[in-house]
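Peer 1: Chains as they are written, first to last, in the numbering used here: chain L, 19 to 234; chain F, 48 to 388; chain P, -9 to 197. One structure follows; several queries about it will come next.
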Amino acid sequence: MRREVPLFITGIVGVVFVVSYFIPAAPFCYLDSKFSDWFSIVQACAIVLGALNLIVISTKKVVGRKEKWGYPVAIVVSFIIVIAAGVGGGREYMTTGTSFDWLYRYSYVPLSSTMYAILAFYVASASYRAFRARNVEATMLLVAAFLVMLGRVPVGDVVTSFMPIGARMSDLQQWIMDFPQTAGQRAVMIGIALGLVSTALRVILGIERSHLGGGD
Amino acid sequence: MKTRVIEIGVLVVAAVGCVIAYLGKPNIFGWHSGFVFSPTVSLIIIVLIGVSLLWMLIRTLQNRLVGRRIVFLYVGIAISLPLFMSITQNIVVSENVRDVYTALDELDPGEKVLVSFDYDPPSAPELQPMAEAFLAECFKRKLKVIIIGLWPMGPIQANMAIDTVMERMGLDSTQLVYGVDYCNLGYQAGNEFVIQRMGTSFEAMFGNDVRGTPYREVPLVKNVKNFSNIDYSFNLSSGFVGTVEWVQVAVSRYGLRLGAGNTAVQAPTVYPYLRAGLLTGLLAGMNGAAEFEKLTDFKGKATIFMLSQTFSHVIVIAFIIIGNVAFFRGGRKTALKGGSE
Amino acid sequence: MDHLGLWIAGFLTLGIYSFLYRDNPWYKLSESIFIGVSAGYWVVTEFWQNFVGKFWDQKGDDPWLWIGAVLGLMMLMRLFPKIGWISRWPLAFVVGATSGFWMMNYLTTNCMAQVQATIIPLLGLGYEASAVMIFSNIVLVVGTFCGVAYFFFSKAHTGVFGATARVGVWTIMVTFGAMFALTIMNRMSLLIGRTSFIFGEWLGLIR
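Set out below in structure tokens:
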């Protein structure tokens, strides 16, 4: 029963969403709406589950005085501060000027932004060390990258200012994005879509059961 | 031990420098009002950077590859020095950006625009200028703006954008009234299922706005049932859930008219939808934001940042060329045509 | 308080950047604070927007929301190893919903609409297309077809089919080149934002 009931749920819910696309009348539209509402609540709980799991693991490290337990203390303390500011702030917790908003602007924004910004250095370093025109395909990739990089900034048009309007670097870049790049993207999208349809069918029909996990 | 002393010394000097610079700000002691390089100084810096890149090419030809920290230094220089330069660039507006502007042009005052903020702070340098320019244009045309977010940080980024726009346009809360001219319905979990549900009922997904006011009591949206009451929609996104899901659900199933503002990395994946006529306009990356700022005559950050963008692209291209020169000079074993390693 | 906030933001920003030199306690502390703040932010947002705004305020109008609440609570049972198996039910619900929904979305928008958009008049509707436009249309159609052919792995890529797949590879290489360029652009944009904060908002050095 521990595996059969979830398989049944997967099948029924999947079929409802597929059928409601073709038959938007009752009862499918009604079931579609209810399932969407429930999905929203379940997803919110999944997000909270992840956060709570993190706090449980960090707290265990602190209590057990594991190696470098000072850092989990920082995790737990910052979590508690944000929760207190957010939940204590009431329904208007997000309004400009609240303590939650202050914490967001001066801790979350700099941290999350910098975590991603640091990648710029590594992407430049990796390009210098590893990006080589070893064969025809790599050369095509490199040339396309150069043209698009130069075409998306004004210096590209400065370099090709001798060309007539419509034939400058920005126009060439736009042509690459509109035609060969779109063609390649479309091919990838179509391939993924067909693969996804077959996988989704396998999941709905219960042939694919990996989402239930092992054991039990 | 010596390294540790040097490290601590550098940290102390940097900290003291930061304190002096901070205290010297105009709103504190006013020792300085910021620095701007004159065009001559800017040109000298550009020449110096070019000469140093040439030196690096010569080093590479001598089989002395530069370390990664030198690459980091160059990237840092390419990004930071242009922020002080007074060079202006000619931004050419592309057709995809113009389509968004044309879509707004076709709307009458009082018509409703749904703006979805589906991004977080890392994407803000590209998307926040787009959001500010778009909102400013909507308010200038007296369009009514309904804001939602499918990312948790979206609504708070929207608040920041509204604050900036109101300050830039010199508007106060009596001239731009919350709940009448614009409202922020907040975030809802559920990804594409939120969009699906909005197709039948906005209120079912957004029972209250971010201030806790029940949906039915917000004057702007109390008569908005679903997408059929929306005249144009604009989505700012940097990943999942974002423009792709809006196209798949809202445009494909409900016929919503949608324009998009995407980060540069997401833009290529959205081009097939644009070419298939499912999107009405696309602002892609920082240059898309700069083009829209030029079109709408909104003096935003994207135009200022484009010089740094230019420098960084040139530096990366230069490093790739230098790396390939070393590779080719090192004697490749395989021929260029049909070879693989 | 804004002065304190700017210094905290500057401290945390430089802490993350210190990783470029080497891993160090300053970076680890900033990283740990980031993890805690992110988790806290997500929990607060879900609490007010979803648990209170969607469920608690609307449960009177829509009693069926209680089923969603029960499924959500079952999801939280994953925290307890002995009864963690209960979370399979909401997980099955999520997987089923996503499978059914995505199947139709991807089939219509990512497959059929894209094929439809590729079937275009190469010479223009009234045979009025310019030479450049005709060439572009051919690139689009041939590139898409050959790209799809490349992903067909049930037949060996030899002979005419192999040549078709090769053209597909070249098209995909151009796509990847464009994606690489735009990824560079994106990463640099993120760095520009942070650098502008350090030299502008924080230290006030940019006029």
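Each residue gets a CB set at the ideal place from its N, CA and C atoms; glycine is no exception.
Counting pairs of beta carbons, one from the stretch 264 to 272 of chain F and one from the stretch 224 to 244 of chain F, are three or more of them closer than 8 Å?
Peer 2: A contact exists between the stretch 264 to 272 of chain F and the stretch 224 to 244 of chain F.
Peer 1: Check this for me: beta carbons of P319 (chain F) and Q191 (chain L), under 8 Å apart or not?
Peer 2: No.
Peer 1: Give the DSSP-derived three-state secondary structure of V227 (chain F) in the structure shown.
Peer 2: Three-state result, V227 (chain F): coil.
Peer 1: Thinking C-alpha only, which one of F:A307, F:G237 and F:A331 is nearest V60 (chain L)?
Peer 2: It is F:G237 whose Cα lies nearest to the Cα of V60 (chain L).
Peer 1: Over the uninterrupted beta strand (DSSP E) stretch that includes V147 (chain F), give me the two end residues.
Peer 2: V147 (chain F) -> not in any beta strand (DSSP E); alpha helix (DSSP H) instead, spanning E142 to D152.
Peer 1: Do you know offhand how far P24 (chain L)'s Cα is from F37 (chain P)'s?
Peer 2: When rounded, the distance between both Cα atoms is 27 Å.
Peer 1: How many Å lie between F186 (chain F) and V164 (chain P) at the Cα?
Peer 2: Computed Cα separation, rounded: 40 Å.
Peer 1: Taking the C-alpha atoms as reference points, what is the distance between A92 (chain L) and E158 (chain F)?
Peer 2: When rounded, the distance between both Cα atoms is 48 Å.
Peer 1: Is the Cβ of I183 (chain L) closer than 8 Å to any Cβ of chain P?
Peer 2: It does not; no Cβ of chain P falls within 8 Å.
Peer 1: Does DSSP put F164 (chain F) in a helix, in a strand, or in coil?
Peer 2: Strand, per DSSP.
Peer 1: Alpha carbon to alpha carbon, how far is I277 (chain F) from R184 (chain P)?
Peer 2: Near 36 Å, if we compare the C-alpha coordinates of R184 (chain P) and I277 (chain F).
Peer 1: Taking the straight line between their C-alpha atoms, what separation do you get for G213 (chain L) and S299 (chain F)?
Peer 2: So the two alpha carbons sit approximately 20 Å from each other.
Peer 1: When you compare only the Cα positions, how much space is there between E259 (chain F) and V160 (chain F)?
Peer 2: Per the sequence presented here, residue 259 (chain F) reads as Gly, with Glu not at that position. Distance between the alpha carbons of G259 (chain F) and V160 (chain F) is about 22 Å.
Peer 1: Below 8 Å CB to CB, which residues in the same chain sit around A297 (chain F) once its five sequence neighbours on both sides are set aside?
Peer 2: Here the set comprises I242, M245, G246, F274, S280, L303 and L305.
Peer 1: So is M213 (chain F) in contact with chain L if we call contact Cβ pairs under 8 Å?
Peer 2: Not closer than 8 Å to any Cβ of chain L, the Cβ of M213 (chain F) fails to qualify, so no.
Peer 1: Go ahead and pull the three-state DSSP assignment for P73 (chain F).
Peer 2: Coil.
Peer 1: In the DSSP assignment, the beta strand (DSSP E) including F180 (chain L) goes from what residue to what residue?
Peer 2: Here F180 (chain L) belongs to no beta strand (DSSP E), and DSSP marks it neither H nor E.
Peer 1: Distance, Cα to Cα, H229 (chain L) vs E214 (chain F)?
Peer 2: Near 50 Å, if we compare the C-alpha coordinates of E214 (chain F) and H229 (chain L).
Peer 1: So, for D219 (chain F): in the same chain, excluding its five sequence neighbours on each side, which residues have a beta-carbon less than 8 Å away from its beta-carbon?
Peer 2: So the qualifying residues of the chain are M213.
Peer 1: Whole-angstrom Cβ separation of F149 (chain L) and L160 (chain L), contact assumed at under 8 Å?
Peer 2: Contact flag correct, Cβ pair sits at about 7 Å.
Peer 1: Which whole-angstrom value is the C-beta distance of D55 (chain L) and L63 (chain P), which I expect to be below 8 Å?
Peer 2: Their Cβ separation, rounded to whole angstroms, is 16 Å, which puts D55 (chain L) and L63 (chain P) out of contact at 8 Å.
Peer 1: Check the Cβ of Y318 (chain F) against every Cβ in chain L and list those closer than 8 Å, keeping chain order.
Peer 2: Per Cβ cutoff of 8 Å: M195, D196, Q199, T200 and Q203.
Peer 1: So M353 (chain F) and A331 (chain F) are in contact, right, with Cβ under 8 Å, and what is the actual spacing, rounded?
Peer 2: M353 (chain F) to A331 (chain F), Cβ: 13 Å. No contact.
Peer 1: Per DSSP, what are the beta-bridge partners of Y279 (chain F) in this structure?
Peer 2: Paired residues: F:V160.
Peer 1: Please confirm whether V157 (chain P) has its beta-carbon closer than 8 Å to some beta-carbon of chain L.
Peer 2: So, not an interface residue.
Peer 1: Run the CB neighbour count on P172 (chain L), radius 10 Å, all protein chains shown included, and call it buried at 16 or more, exposed below.
Peer 2: Under this definition P172 (chain L) is a buried residue.
Peer 1: Got a sec: is the Cβ-Cβ distance from P172 (chain L) to anything in chain F below 8 Å?
Peer 2: Closer than 8 Å to some Cβ of chain F, the Cβ of P172 (chain L) qualifies, so yes.
Peer 1: Hey, would you say V291 (chain F) sits closer than 8 Å to L325 (chain F), going by beta carbons?
Peer 2: No; because the gap between Cβ atoms is not below 8 Å, this pair is not in contact.
Peer 1: Distance check for T217 (chain L) and E226 (chain L), CA to CA, integer angstroms please.
Peer 2: One C-alpha to the other measures close to 8 Å.
Peer 1: Return the CA-CA distance between P172 (chain F) and R20 (chain L), expressed in angstroms with no decimal places.
Peer 2: C-alpha separation (whole angstroms): 48 Å.
Peer 1: Between K49 (chain P) and chain F, is there a C-beta pair that is closer than 8 Å?
Peer 2: No, no contact with chain F.
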